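Read through the structure below, which is laid out as structure tokens, and then see the notes.
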Amino acid sequence: MYIAILKCESMGRCKHNGEVSIFGVRPASFPNFPFHLMDKIGGFVILDELWLRRWCEIIEYPMRIPTLYVPIEDYGIPTVEDMDLIVDFIKYHVSKEKEVVVSCIGGHGRTGTVLAVWAGLNGIKNPIEYVRERYCECAVETEEQEEFVIEYLKMKKRG
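FYI, the numbering for the sequence shown is 1 to 159, going by our numbering.
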């Protein structure tokens, strides 16, 4: 996991530090939270298991930044209900002209899955490719994550 981050960053392919914004969502891996952008941030979505939650409480409580915790197993996918919750959280903050940081540990699979869903909901026809081109070619790591993005977006189009 950390080897992948170092490989990607050292080769200049990944932007895990929050510098990329995809329709108001900034991806960041755990060690690279974009503290320099705090004035633009309306909320955090944390996708990792609960040990990261304690670390993020340091951000949430003193800085009063709303944080949505949706623990998803490494390389896993959210439930449809969890993705709906994430999307609603992002929509709310983006509608207030704030951005949302989405983070897991590595910033590839779970974070990439949320980014691809968000890009698709914002009209991007090939959202997985879009996220890989603009953020990280390692984003959306597993076939299960790819299938989730495709099926979730199909379901939302059907209404």
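Ideal Cβ positions, reconstructed from N, Cα and C, are used throughout, including at glycine. Treat the numbers as computed from the prediction; the structure is a model and nothing was measured.
L115 and V100 look like a contact to me (Cβ under 8 Å); what is the Cβ gap, rounded to whole Å?
Between V100 and L115 the Cβ distance is about 11 Å, and since that is not below 8 Å, they are no contact.
Just curious, the beta strand (DSSP E) that L37 is in, first and last residue?
Here L37 belongs to no beta strand (DSSP E), and DSSP marks it neither H nor E.
Cα separation between T113 and M38?
23 Å
Residue ranges of each beta strand (DSSP E) within the stretch 71-103, 3 or longer:
99-103
Considering just the uninterrupted stretch of the alpha helix (DSSP H) at T142, what are its terminal residues?
Element bounds for T142: n/a, residue is neither H nor E.
Taking only the alpha-carbon atoms, compute the straight-line gap between I128 and V140 and give it to the nearest angstrom.
When only Cα atoms are considered, I128 and V140 end up about 7 Å apart.
Which one of I77, G109 and E97 has the shortest CA to CA distance from G43?
The option with the nearest alpha carbon to G43 is E97.
Taking just the CA atoms, how far does D88 sit from V80?
Taking the straight line from one Cα to the other gives about 12 Å.
I'd like the list of long-range same chain contacts for L68, defined as Cβ closer than 8 Å, with 5 residues on each side in sequence excluded.
G43, F44, V45, I46, L85, I86 and F89
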